[in-house]
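Contents: one structure, followed by commentary.
2 protein chains.
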Amino acid sequence: MSPRSGILYLVSGPSGSGKTTLCRRLSDEGEASYAISCTTRSPRPGEENGTDYFFLSIEEFKGKITAGEFLEYAEVHGNFYGTLTSEVINTLEQGNDVVLDIDVQGAAQVRATENLTVKNALVDIFIMPPSKEELLKRLTGRGTDSDEVVTTRMKNSLEEMEHWPKYTFRLLSGTHEEDYARFKSLLHGERLRIIRHH
Amino acid sequence: MSPRSGILYLVSGPSGSGKTTLCRRLSDEGEASYAISCTTRSPRPGEENGTDYFFLSIEEFKGKITAGEFLEYAEVHGNFYGTLTSEVINTLEQGNDVVLDIDVQGAAQVRATENLTVKNALVDIFIMPPSKEELLKRLTGRGTDSDEVVTTRMKNSLEEMEHWPKYTFRLLSGTHEEDYARFKSLLHGERLRIIRHH
Numbered sequence: 001m002s003p004r005s006g007i008l009y010l011v012s013g014p015s016g017s018g019k020t021t022l023c024r025r026l027s028d029e030g031e032a033s034y035a036i037s038c039t040t041r042s043p044r045p046g047e048e049n050g051t052d053y054f055f056l057s058i059e060e061f062k063g064k065i066t067a068g069e070f071l072e073y074a075e076v077h078g079n080f081y082g083t084l085t086s087e088v089i090n091t092l093e094q095g096n097d098v099v100l101d102i103d104v105q106g107a108a109q110v111r112a113t114e115n116l117t118v119k120n121a122l123v124d125i126f127i128m129p130p131s132k133e134e135l136l137k138r139l140t141g142r143g144t145d146s147d148e149v150v151t152t153r154m155k156n157s158l159e160e161m162e163h164w165p166k167y168t169f170r171l172l173s174g175t176h177e178e179d180y181a182r183f184k185s186l187l188h189g190e191r192l193r194i195i196r197h198h
Numbered sequence: 001m002s003p004r005s006g007i008l009y010l011v012s013g014p015s016g017s018g019k020t021t022l023c024r025r026l027s028d029e030g031e032a033s034y035a036i037s038c039t040t041r042s043p044r045p046g047e048e049n050g051t052d053y054f055f056l057s058i059e060e061f062k063g064k065i066t067a068g069e070f071l072e073y074a075e076v077h078g079n080f081y082g083t084l085t086s087e088v089i090n091t092l093e094q095g096n097d098v099v100l101d102i103d104v105q106g107a108a109q110v111r112a113t114e115n116l117t118v119k120n121a122l123v124d125i126f127i128m129p130p131s132k133e134e135l136l137k138r139l140t141g142r143g144t145d146s147d148e149v150v151t152t153r154m155k156n157s158l159e160e161m162e163h164w165p166k167y168t169f170r171l172l173s174g175t176h177e178e179d180y181a182r183f184k185s186l187l188h189g190e191r192l193r194i195i196r197h198h
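Now the structure itself:
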């Protein structure tokens with residue numbers, strides 16, 4: 001193939017949609033680089049700095065906001081999450097694809113960017129749980145949170161789901177294997193787009 | 001999945017690109033309906049009316065031109081080829097995808113259509129042979145044509161190849177299996193596009 005520019009996949013969807021698992025697997029199988037986010041929330045057991053997130057203090061995070069280093073950032077459930085522009089651009093310019101596991105607010109910020117490398121690379125996709133019943137089952141299924149936390153997360157998920165029409169692609173979640181196969185088709189198809197070839 | 005409207009794939013590429021084999025296989029495997037073209041050329045051995053082409057007399061073909069029944073038509077190597085609008089629309093409206101194995105002139109006519117069902121369904125892709133050397137090999141390899149015919153076809157193929165930048169997608173041909181897998185990814189990815197869902 002002729003050299004091509006990398007594609008930036010914005011992957012949104014409510015908690016329980018399976019989007020994080022999909023993005024991780026794309027990265028694990030070498031289909032795209034998983035852009036590691038910065039966050040001010042505390043690491044959960046097993047999470048590692050530089051692998052799962054860049055864990056920053058609130059002061060560090062705000063310093064990077066002021067310095068304009070974030071492609072997007074948002075406050076969710078009282079914590080900051082954000083993606084460094086440099087993380088994304090470097091990968092795209094090497095001709096590699098990037099997946100961003102990102103909430104709807106963050107996706108809106110990325111779309112509003114004036115950085116042309118990012119603008120031309122954008123493909124956004126919303127992962128939808130198959131039904132409200134299945135979503136509740138998935139959110140409850142973790143078994144690690146109180147009823148109150150589950151209720152709040154369900155409410156947030158339903159609100160998040162209302163944003164799907166802003167996206168170009170939508171994947172209605174089925175089994176993980178189905179979801180992954182369809183997501184990978186999207187990636188492979190988009191690579192044939194002529195504007196991405198030099 | 002929610003109901004969706006069908007997609008119309010315009011598949012162009014020079015003789016020797018393998019586009020016809022790709023389109024046939026998509027149809028054979030039920031991925032998309034193969035839109036059968038009308039032609040005024042004589043059937044080759046083994047070709048059947050209504051399966052390979054609708055074989056029309058020149059008078060019949062011109063009658064349908066006058067009646068505005070063609071989505072596109074063209075004269076190639078002294079013969080007429082064309083696609084009936086009704087053939088395409090009926091399939092799209094049932095939510096099924098259509099592949100049109102079409103030359104660059106025909107593709108330009110389809111793009112210029114004012115029929116909104118067709119306009120909204122369009123995805124065009126150009127199949128490129130991997131190199132001029134390989135193209136010549138493929139065109140010669142048939143062994144059924146004279147040197148003069150091969151030379152003419154090579155010239156036509158090279159001219160046709162210059163039109164690839166007018167297309168949205170480009171598939172650089174490798175092995176048939178590679179080509180088919182990538183083509184199928186494009187189809188499956190495009191089905192996730194939100195504008196196609198009701």
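Read top to bottom, the protein sequences are chains A and B. All residue numbers for the first sequence refer to my numbering, where the first residue is 1 and numbers rise by one. All residue numbers for the second sequence refer to my numbering, where the first residue is 1 and numbers rise by one. Idealized CB from N, CA, C, for every residue including glycine. Quantities reported herein were computed from a predicted structural model and do not represent experimental measurements.
Could you check which residue in the options has the C-alpha nearest to that of residue i?
{"i": "threonine 140(A)", "options": "Ser157(A), Asp124(A), Val88(A)", "result": "Ser157(A)"}
{"i": "leucine 171(A)", "options": "Asp124(A), Val76(A), Val150(A)", "result": "Asp124(A)"}
{"i": "phenylalanine 55(A)", "options": "Met128(A), Thr83(A), Thr168(A)", "result": "Thr83(A)"}
{"i": "glycine 78(B)", "options": "Tyr53(B), Gly95(B), Thr40(B), Arg191(B)", "result": "Thr40(B)"}
{"i": "threonine 152(B)", "options": "Leu71(B), Gly16(B), Val88(B)", "result": "Gly16(B)"}
{"i": "alanine 112(A)", "options": "Pro3(A), Thr175(A), Tyr73(A)", "result": "Tyr73(A)"}
{"i": "aspartate 103(A)", "options": "Asp179(A), Tyr167(A), Gly63(A)", "result": "Tyr167(A)"}
{"i": "tyrosine 53(B)", "options": "Asp101(B), Asp145(B), Glu31(B), Gln109(B)", "result": "Asp101(B)"}
{"i": "isoleucine 194(B)", "options": "His176(A), His163(A), His197(A)", "result": "His163(A)"}
{"i": "threonine 144(A)", "options": "Glu178(A), Ile65(A), Pro45(A)", "result": "Pro45(A)"}
{"i": "threonine 175(A)", "options": "Glu47(A), Ser131(A), Gly30(A)", "result": "Ser131(A)"}
DSSP state of residue i, grouped into three classes?
{"i": "aspartate 97(A)", "result": "coil"}
{"i": "isoleucine 125(A)", "result": "strand"}
{"i": "asparagine 120(B)", "result": "helix"}
{"i": "glutamate 69(A)", "result": "coil"}
{"i": "histidine 197(A)", "result": "strand"}
{"i": "glycine 106(A)", "result": "helix"}
{"i": "glutamate 114(B)", "result": "coil"}
{"i": "glutamate 75(B)", "result": "strand"}
{"i": "methionine 1(A)", "result": "At methionine 1(A) the pLDDT is 46, less than 50, meaning the model places this residue with poor confidence; the figure from the coordinates comes in the next sentence. In this structure, methionine 1(A) counts as coil in the three-state DSSP scheme."}
{"i": "leucine 92(A)", "result": "helix"}
With a 10 Å radius around its C-beta and 16 neighbouring C-beta atoms as the bar for buried, classify residue i as buried or exposed.
{"i": "lysine 137(B)", "result": "exposed"}
{"i": "proline 165(A)", "result": "exposed"}
{"i": "valine 99(B)", "result": "buried"}
{"i": "glycine 18(A)", "result": "buried"}
{"i": "glutamate 87(A)", "result": "buried"}
{"i": "leucine 71(B)", "result": "buried"}
{"i": "proline 3(B)", "result": "exposed"}
{"i": "aspartate 147(B)", "result": "exposed"}
{"i": "aspartate 179(B)", "result": "buried"}
{"i": "glutamate 47(A)", "result": "exposed"}
Residue j and residue i - do their beta-carbons sit closer together than 9 Å?
{"i": "isoleucine 36(B)", "j": "threonine 21(B)", "result": "no"}
{"i": "proline 228(A)", "j": "glutamate 133(A)", "result": "Residue 228(A) lies beyond the stretch modelled for chain A, which goes from 1 to 198, so this question has no answer here."}
{"i": "leucine 26(B)", "j": "phenylalanine 126(B)", "result": "no"}
{"i": "serine 33(A)", "j": "asparagine 120(A)", "result": "no"}
{"i": "leucine 187(A)", "j": "serine 173(B)", "result": "no"}
{"i": "aspartate 97(B)", "j": "leucine 192(B)", "result": "no"}
{"i": "phenylalanine 80(B)", "j": "cysteine 23(B)", "result": "no"}
{"i": "serine 12(B)", "j": "alanine 107(B)", "result": "yes"}
{"i": "threonine 85(A)", "j": "glutamate 69(A)", "result": "yes"}
{"i": "phenylalanine 169(B)", "j": "glycine 189(A)", "result": "yes"}
{"i": "leucine 122(A)", "j": "leucine 10(A)", "result": "yes"}
{"i": "glutamine 105(A)", "j": "valine 150(A)", "result": "no"}
{"i": "valine 118(A)", "j": "isoleucine 89(A)", "result": "yes"}
At what residues does the beta strand (DSSP E) containing residue i begin and finish?
{"i": "leucine 10(B)", "result": "8 to 12"}
{"i": "arginine 170(B)", "result": "169 to 172"}
{"i": "asparagine 79(A)", "result": "79 to 84"}
{"i": "tyrosine 53(B)", "result": "Taken as a continuous stretch (DSSP letters only), tyrosine 53(B) belongs to no beta strand (DSSP E), as it is neither H nor E."}
{"i": "serine 37(A)", "result": "37 to 39"}
Give the range of the alpha helix (DSSP H) segment to which residue i is assigned.
{"i": "asparagine 156(A)", "result": "147 to 161"}
{"i": "leucine 136(B)", "result": "132 to 141"}
{"i": "tyrosine 180(A)", "result": "176 to 190"}
{"i": "serine 27(A)", "result": "19 to 28"}
With 9 Å set as the bound, which would you pick, yes or no: does the beta-carbon of residue i sit closer than that to a beta-carbon of chain C?
{"i": "arginine 193(A)", "result": "Absent here is chain C; the protein component of the structure consists of chains A and B."}
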